[in-house]
Amino acid sequence: MRILLVEDDKLLGDGIKTGLAQGGFAVDWVTDGRQAELALAGEDYDAVVLDLGLPRVDGMDVLRRLRTAGSALPVLILTARDAVAERIAGLDAGADDYVTKPFDLAELQARLRALLRRARGKAEPLVRHGELVLDPAGRSVSYGGRPVELSPREFAILQELLVNAGRVLSKSQLEEKLYGWGEEIESNAVEVFIHHLRRKLAPELIRTIRGVGYMIPKEPA
Ligand code: CA
């Protein structure tokens, strides 16, 4: 899951980026509204964490333009504790949720998971596929009732393939969901993670669509 973080406060932004990365999110961090608009135009995100008071282009304007352009991307706004009017304006301008500063990083992560779930039209927190159960909050996986140990990247790939079951994801799409800007990507990393997932789960679970990418079928075999 790839998140765009827009926050001009360096200390807070750094803390949020680190916290979300530990929670398994790939995070791109920008510090003004203009950079946010460029990032949104050029990259495929799953959600945005948006501060409202921003240099160059205000966060509220970023949000309004995003919605005017027809984007349904989940947006969580960061607001000051005493700024009730700002929260109301933000929600009415198309934000999906908010947290007030200072906030707990675990709560921010939980709210993001809820937004991502609802964006897929799901209320059930666990992702199920036949004998496979993935818990985004606990970051755990079981197969046929037995727990399976996955590395953070293996977990992230499996999650992407599961929430997109029935769709073929290319290697570069998977890389985008796994790595934020500036993170080193080994050229055959995705192939290696897929190989490990097949070995740890079931060889037939993830299909290779030659020349296109990888897919978990919509219906379990
Ligand atoms: Ca700010």
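Under our numbering, think of the first position of the sequence shown as 8, with each following residue one higher.
Each residue gets a CB set at the ideal place from its N, CA and C atoms; glycine is no exception.
Notebook entry, point to check: Below 8 Å between beta carbons: does that hold for LEU176 and LEU168?
Noted result: Their beta carbons are under 8 Å apart, which means LEU176 touches LEU168 by this criterion.
Next item on the list: Kindly indicate which residue of ALA54, ALA48, GLN42, VAL56 has the alpha-carbon position closest to the one of VAL64.
Entry: Nearest C-alpha to VAL64 among ALA54, ALA48, GLN42, VAL56: GLN42.
Check: In terms of residues, what are the limits of the alpha helix (DSSP H) holding ILE164?
Finding: 159-170 is the span of the alpha helix (DSSP H), which, as asked, contains ILE164.
Check: How about GLY20 and LEU70: do their beta carbons lie closer than 8 Å?
Finding: For GLY20 and LEU70, no; Cβs fall outside 8 Å.
Notebook entry, point to check: Between VAL34 and the rest of its own chain, which residues show a CB-CB distance below 6 Å, the 5 nearest in sequence each way excluded?
Noted result: Same-chain partners within the cutoff: ILE10, LEU12, LYS24, LEU27, ALA28, GLY187.
Check: Just to check, is the beta-carbon of ASP21 closer than 7 Å to a non-hydrogen atom of ligand 1?
Finding: Checking every heavy atom of ligand 1 against the Cβ of ASP21, none is found closer than 7 Å.
Next item on the list: Just jot down, in chain order, the residues whose CB lies closer than 5 Å to any heavy atom of ligand 1.
Entry: Proximity to ligand 1 was defined by a C-beta distance below 5 Å to any of its heavy atoms, and the residues meeting it, in sequence along the chain, are ASP15, ASP58, GLY60.
Item checked: Cβ shell of PHE200 (< 7 Å), same chain only, five flanking positions each side left out -> Apart from sequence neighbours up to five positions away, the residues of its chain that approach PHE200 with a beta-carbon distance below 7 Å are ARG160, GLU161, ILE164, ordered along the chain.
Next item on the list: Take GLU50 as the anchor and find which of LEU119, GLU182, HIS136, ALA96 has the nearest alpha-carbon.
Entry: The shortest C-alpha to C-alpha distance from GLU50 to any of LEU119, GLU182, HIS136, ALA96 is the one to GLU182.
Next item on the list: Verify whether the separation of the beta carbon atoms of ASP39 and LEU61 is less than 8 Å.
Entry: One thing to note: ASP39 has its Cβ within 8 Å of the Cβ of LEU61.
Item checked: Secondary structure, alpha helix (DSSP H): runs of 4+ residues fully inside the segment 62-86 -> Within the segment 62-86, the complete alpha helix (DSSP H) runs of at least 4 residues are 66-75.
Note to self: Using DSSP's beta-bridge definition, name the partner residues of PRO154.
What the structure shows: Under DSSP, PRO154 forms a beta bridge with SER149.
Next item on the list: For ALA33, write down the residues that DSSP places opposite it in a beta bridge.
Entry: For ALA33, which the question treats as bridged, DSSP gives the partners ARG9.
Next item on the list: Inspect the CB distances between the segment 80-98 and the segment 108-123 and report whether three or more fall short of 8 Å.
Entry: Yes: at least three Cβ pairs fall under 8 Å.
Check: Which residues does DSSP pair with ARG123 in a beta bridge?
Finding: It should be pointed out that residue 123 corresponds to Leu in this sequence rather than to Arg. The partner list for LEU123 (beta bridge, DSSP) is empty, contrary to what the question assumes.
Item checked: Boundaries (first-last residue) of the alpha helix (DSSP H) holding ILE229 -> The structure shown has nothing for residue 229, since the chain only spans 8 to 228.
Notebook entry, point to check: At what residues does the alpha helix (DSSP H) containing ALA48 begin and finish?
Noted result: That run of the alpha helix (DSSP H) goes 40-49.
Margin query: If I measure Cβ to Cβ from LEU123 and keep anything under 7 Å in the same chain, skipping five residues before and after, which residues do I get?
Written below: MET8, ASP53, ALA54, PRO81.
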